[in-house]
Amino acid sequence: YKNLLGLRDLSAEEIQEILTTAHLMRPVMESPNKKITYLMGKNILTLFYESSTRTRVSFELAAKYLGATTTNVSVATSSVNKGESLIDTVRTLQSMGVDIVIMRHPMTGAPKLLADHIEAKVINAGDGINEHPTQALLDLYTIERHKGRIKDLKVVIAGDILHSRVARSNIWGLTKMGARVVVAGPSTLIPKKIEKMGVEVFQDIKKAVVDADVVMALRMQKERQESGLFPSLREYQHYFGIDEGVLSYAKPEVLLMHPGPVNRGIEITSDIMEGPHSTIEEQVTNGVAIRMALLYLMTRGGDKQ
Ligand code: CP
3 YKNLLGLRDL
13 SAEEIQEILT
23 TAHLMRPVME
33 SPNKKITYLM
43 GKNILTLFYE
53 SSTRTRVSFE
63 LAAKYLGATT
73 TNVSVATSSV
83 NKGESLIDTV
93 RTLQSMGVDI
103 VIMRHPMTGA
113 PKLLADHIEA
123 KVINAGDGIN
133 EHPTQALLDL
143 YTIERHKGRI
153 KDLKVVIAGD
163 ILHSRVARSN
173 IWGLTKMGAR
183 VVVAGPSTLI
193 PKKIEKMGVE
203 VFQDIKKAVV
213 DADVVMALRM
223 QKERQESGLF
233 PSLREYQHYF
243 GIDEGVLSYA
253 KPEVLLMHPG
263 PVNRGIEITS
273 DIMEGPHSTI
283 EEQVTNGVAI
293 RMALLYLMTR
303 GGDKQ
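For the sequence shown, the UniProt record's numbering begins at 3 and goes up steadily by one.
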């Protein structure tokens with residue numbers, strides 16, 4: 003793998019290879035010593051132009067467990083603040099010998115732009131409203147670990163689909179792996195023509211959730227909802243918030259997922275967030291295994307995109 007820019011670019015076989023490799027990484031992640039030397043001598047850079055807790059830290063841990071050196075560039079205190087462009091910034095860092103750049107950026111396509119201009123490999127850690135491929139991979143891995151498969155499962159993605167790179171990457175990944183994907187949310191937060199991505203659309207959350215194997219709630223991204231067309235958090239919670247009652251329409255063994263961070267009591271209630279169906283904490287743990295798998299696959303040789 004040269005770069006990981008989105009799940010749109012990957013085949014089902016490639017996705018499965020990453021999930022299987024993540025499973026092989028678990029013994030390392032779970033051992034008391036943790037460290038192995040697959041990535042000894044590799045320099046991995048995290049460059050985040052937007053806030054992150056889970057993605058940045060889990061990439062750093064994954065790289066360290068595999069023996070790599072990691073550096074985090076804090077955009078707020080770097081020369082980006084003096085107006086240095088994205089490509090000049092990364093070229094400067096590449097001159098110090100960087101092998102993989104992990105980047106989050108508010109602009110759709112920024113990781114692709116970077117990948118086209120530098121020799122180092124690039125992993126997209128979230129670009130605008132486009133894709134967040136490692137989040138979707140860890141979600142797929144979590145589903146596979148619980149259900150033993152992804153094919154033919156009914157997966158409901160609920161909330162602010164319009165602004166969600168997590169939704170887009172999950173739709174690509176889930177449909178490629180053969181799941182039935184349903185999206186649900188307020189009409190102004192559902193992209194037009196989303197059916198072309200192979201999903202069904204519901205505006206009634208209870209109807210959407212009937213017989214679901216997985217319910218994935220998304221964060222209401224108020225920071226991206228600029229116009230007055232969108233519901234307030236209170237309105238959203240009233241019509242689309244997921245509680246025990248909504249979840250009861252799903253299959254008894256339903257998984258309740260959320261990529262985090264959660265607006266507690268808005269997208270989902272606190273009790274189900276911490277209840278038996280919730281995989282929210284496990285998703286974070288699985289993110290380390292997925293990111294170890296990716297770093298391993300991307301550095302073991304070969305030049306496949
Ligand atoms: N899910 C996710 O991307 O979380 P962070 O913004 O904390 O990285």
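Even for Gly, the Cβ is constructed at its ideal location relative to N, Cα and C.
Distance CB(residue i)-CB(residue j) smaller than 7 Å
i    : j    : result
I173 : V201 : yes
A64  : M294 : yes
I125 : L6   : yes
L257 : V216 : yes
P135 : G43  : no
L140 : N288 : yes
Y251 : Y40  : no
Environment of residue i [buried if 16+ CB atoms lie within 10 Å]
i    : result
L26  : exposed
N45  : buried
S171 : buried
M109 : exposed
H240 : exposed
T271 : buried
K123 : buried
R167 : buried
R221 : buried
Rounded distance between the beta-carbons of residue j and residue i, thought under 8 Å
i         : j    : result
V158      : A210 : 5 Å
residue 2 : K156 : Residue 2 is absent from the structure shown; the chain starts at 3 and stops at 307.
R58       : N35  : 24 Å between Cβ atoms; not a contact.
A160      : A186 : 5 Å
L49       : M105 : 5 Å
F242      : T190 : Going by Cβ atoms, the distance from F242 to T190 rounds to 12 Å, so no, they are not a contact pair.
Where residue i falls: helix, strand or coil (DSSP)
i    : result
H107 : strand
L41  : coil
E121 : coil
V212 : coil
R151 : coil
K4   : coil
G304 : With a pLDDT of only 43 at G304, under the threshold of 50, the placement of this residue in the model should not be trusted; the figure read from the coordinates follows. In the structure shown, G304 sits in coil (DSSP, three-state: anything other than H, G, I, E or B).
T23  : helix
I102 : strand
| query | Of all residues in the structure, which have a C-beta closer than 7 Å to any heavy atom of the ligand SAH, taken in chain order? | reply | With respect to small molecules bound, the structure shown includes the ligand CP and not the ligand SAH.
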